[in-house]
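Working notes for the structure below.
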Amino acid sequence: MVGPFGEDNAMTLKLYSFGPAANSMKPLLTVFEKGLDVEKHRLDPAKFEHHTDWFKAINPRGQVPALVDGDKVVTESTVICEYLEDEYPTEVSLRPADSFGRAQMRIWTKWVDEYFCWCVSTIGWHRYVGNMVKGLSDAEFEEKVKAIPVVEQQVKWRRAREGFPQDMLDEEMRKISYSVRKLDDHLADHEWLVPGQYTLADICNFAIANGMQFGFAELVNKQDTPHLVRWIEQIKARPAVQQMFEQVELEQLGRRD
1 MVGPFGEDNA MTLKLYSFGP AANSMKPLLT VFEKGLDVEK HRLDPAKFEH
51 HTDWFKAINP RGQVPALVDG DKVVTESTVI CEYLEDEYPT EVSLRPADSF
101 GRAQMRIWTK WVDEYFCWCV STIGWHRYVG NMVKGLSDAE FEEKVKAIPV
151 VEQQVKWRRA REGFPQDMLD EEMRKISYSV RKLDDHLADH EWLVPGQYTL
201 ADICNFAIAN GMQFGFAELV NKQDTPHLVR WIEQIKARPA VQQMFEQVEL
251 EQLGRRD
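1 is the number of the first residue of the sequence shown in the UniProt record's numbering; add one for each residue after it.
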């Protein structure tokens with residue numbers, strides 16, 4: 001079968017992502033945990049590859065991750081993870097077998113997508129992403145912005161370049177503080193987010209929480225959030241996680257305070 005982009009890709013899974021962090025990590029880690037044979041394409045955000053015409057032919061929104069499965073394209077990180085569980089069942093199951101367990105898992109994946117991810121993302125954009133465009137002239141920057149198909153993302157790029165308002169940063173830090181406390185309180189009584197099983201809930205929240213003990217050390221540390229730190233370290237010790245970090249390079253973006 002010839003896929004939508006001209007090549008014979010009927011039996012080839014292709015995952016387009018950035019390095020193993022944030023939303024890109026969710027399907028990456030799912031693939032490694034399940035041991036799936038996936039052709040991985042790591043885009044370079046510093047080169048704005050996700051805004052190029054060739055990638056927007058795959059995902060018109062110009063956002064990663066995106067999964068190509070034969071002639072089908074699946075976008076949105078958590079949706080991709082669920083799709084892989086549906087279409088490619090393996091001995092490793094990352095979703096509870098019972099309806100209540102799946103509901104508990106989805107409460108956590110919904111929360112990370114709608115709340116936790118966004119407050120951490122704003123601080124990350126303020127500290128790191130703006131550095132990718134600070135050296136561009138106004139004209140060069142506007143050319144980059146024109147290639148971004150989502151208006152809200154254009155706004156975010158402009159704010160990242162200029163610096164986010166302090167009141168917005170303060171509110172996002174308040175939300176982050178609430179989020180890490182919520183996770184720590186739950187993990188005080190449970191090994192995993194869904195009791196009794198490592199699931200997509202852990203993968204999706206770990207994708208955002210990993211590294212917070214360094215980037216947000218005043219909030220995430222062994223003294224104040226011991227259960228969250230234990231959970232992060234426990235996931236980092238998993239063979240699939242170690243394999244992912246060994247095989248997929250993580251971007252190094254300079255910090256702006």
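From the three backbone atoms N, C-alpha and C, an ideal C-beta is built for every residue, glycine too.
- Between the region 230-245 and the region 21-37 there are three or more C-beta pairs closer than 8 Å, enough to call the two in contact.
- Secondary structure at Val229: helix, using DSSP grouped into helix, strand and coil.
- Following the DSSP letters along the chain, one finds Glu39 inside the beta strand (DSSP E) bounded by residues Val38 to Arg42.
- When DSSP states are grouped into helix, strand and coil, Tyr115 belongs to the helix group.
- Contact between Leu43 and Tyr16 is confirmed by a C-beta separation of about 6 Å, below the 8 Å threshold.
- Here Met105 is near Thr199, since their CB atoms are less than 8 Å apart.
- Shortest Cα-Cα distance from Gly124 to any of Glu172, Tyr88 and Ser93 involves Glu172.
- The continuous alpha helix (DSSP H) containing Leu28 extends over residues Ala22 to Lys34.
- Taking 8 Å as the cut-off, the beta carbon of Val74 is found no closer than this to the beta carbon of Ile58.
- Of the other Cβ atoms in all chains shown, fewer than 16 fall within 10 Å of the Cβ of Gly135; this residue is therefore exposed.
- When secondary structure is reduced to three states using DSSP, Leu15 falls in the strand class.
- Cβ-Cβ distances below 8 Å link Glu249 to Gly19 and Arg42 in the same chain, with the five nearest sequence neighbours on each side left out; the list follows chain order.
- Annotation: the continuous beta strand (DSSP E) that includes Ala66 extends over Ala66 to Asp69.
- Counting along the chain, no alpha helix (DSSP H) covers Lys72; the unbroken beta strand (DSSP E) around it starts and ends at Lys72 to Thr75.
- With a beta-carbon spacing of about 4 Å, Lys175 and Cys119 fall inside the 8 Å limit used to define contacts.
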